[in-house]
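Numbering (my numbering), first residue to last: 2 to 347.
Just so it is clear, CB atoms sit at the ideal spot from N, CA and C, and this is done for glycine as well.
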């Protein structure tokens, strides 16, 4: 009789502990949402967890899965399980998980302030802890508060040996950080994208930064810009300027919306020779604009270009025609062609 009871007991335990996954069920990203402070949540608090594809640098993130959890008086840690379609996961893409906690009225109480990689490129696919921070602390550091949002344009690079490099006229060397942990920008004629994570005391880590592979017209500083960017481990923001430092050198960038339009002397007629194109062009400076005379190869056109913001020198544009002067050098863009290193004729 005892043997029979023991056998029945073992069978019952076995049935309770084994819960096979139904055939054909979608996989689930699992883990917990938590925070460090000993603060109770309101009884009507709601947790939302999202699985996002953040691979595209110039497009919004794509939500692969979302779970809403009504707590009903429960507190952290809060388990979650995000079921997702494995057919939508691309091993080449970057995925992150984010969470937020709101009260019953919809006010945001807690949120993630960094991107948490999952699923691909060696990132975990289960037991992922999402640590949220209280709103008001989410961007408590000046670096985090000021870093995300604006477009940053390079002002100067400093190589490890101390050599300073300023952008060539017309160079597109830019950075943008978004609230979902993505970094994107221009490295001259190439676009790049990746992810970033902010830590304490200005520490920053950039991951999976990949770039298009177009051959930019010389002299291009795009490769140097990307090399320094990949070595960055510290960021600080002050006075509308972003300083990035690391083992590969230093970079100083300025907010695009803070970049001024340098006042230029008016009434000057300047002639630039573009040896690469075997021609010259002439400009006459005015208040906030230049008159441009293009040579016969461009139809002997006369144009007036308005001044626009630039990281250095003076930049003028009208449609698809650009003149960018910086000291004795100039850049000319016209009819889809770019001519760099044009020299002032004396």
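Within the DSSP secondary-structure output, residue 158 pairs in a beta bridge with 166 and 252.
In this structure, DSSP gives residue 99 an extended state, which the three-state scheme calls strand. Out of 172, 175, 190 and 195, the CA that lies nearest to the CA of residue 182 is found in 195. DSSP places residue 82 in the strand class (E or B) of the three-state scheme. Under DSSP, residue 343 takes part in a beta bridge, and its partners are 331. Judged by their CB atoms, residue 173 and residue 220 are not nearer to each other than the 8 angstroms cut-off. Spatial neighbours of residue 78 in its own chain (CB-CB distance under 6 angstroms, excluding positions within 5 residues in sequence) are listed in chain order as 33 and 35.
With fewer than three CB-CB distances shorter than 8 angstroms, the segment 120-135 does not count as touching the segment 151-158.
Under the rule that a run must span 3 or more residues, the beta strand (DSSP E) segments found entirely inside the segment 275-304 read 280-287 and 290-294. Residue 118 is classed as buried because its beta carbon has at least 16 other beta carbons within 10 Å across all chains shown.
Burial check for residue 37: the Cβ neighbour count within 10 Å stays below 16, so the residue is exposed. Going by DSSP, residue 246 is part of no alpha helix (DSSP H) but of the beta strand (DSSP E) stretching over 242-247. Taken in chain order, the complete beta strand (DSSP E) segments of 3 residues or longer contained in the segment 106-141 are 109-112, 117-119 and 129-132.
The closest CA to that of residue 227, considering only 239, 218 and 214, is found on 214. In the DSSP assignment, residue 225 falls within the unbroken alpha helix (DSSP H) covering 223-231.
Taken through DSSP and simplified to helix, strand or coil, residue 52 comes out as strand. Shown here, residue 315 sits in a strand according to DSSP, grouped into three states. Residues of the same chain with a CB within less than 6 angstroms of the CB of residue 283, apart from the 5 flanking positions on each side, are 272 and 294 in chain order. One alpha carbon belongs to residue 188, the other to residue 63, and they sit about 25 angstroms apart. Secondary structure note for residue 38: it is in no beta strand (DSSP E), with a DSSP letter that is neither H nor E. In the displayed model, residue 89 falls within a helix according to three-state DSSP. Counting only the Cα atoms, residue 231 lies some 39 angstroms from residue 76. Under the three-state reduction of DSSP, residue 73 is assigned to coil, being neither helix nor strand. In chain order, 158 place their CB closer than 6 angstroms to the CB of residue 166, counting only its own chain and leaving out the 5 sequence neighbours on each side. Per the coordinates, the alpha-carbon of residue 233 lies some 29 angstroms from the alpha-carbon of residue 325. Distance from the CA of residue 344 to the CA of residue 193, rounded to the nearest whole angstrom, comes to 31 angstroms. One alpha carbon belongs to residue 46, the other to residue 149, and they sit about 27 angstroms apart. Where residue 184 is concerned, the enclosing beta strand (DSSP E) starts and stops at 183-188. Contact check for residue 102 against residue 133 passes: the beta carbons are separated by less than 8 angstroms.
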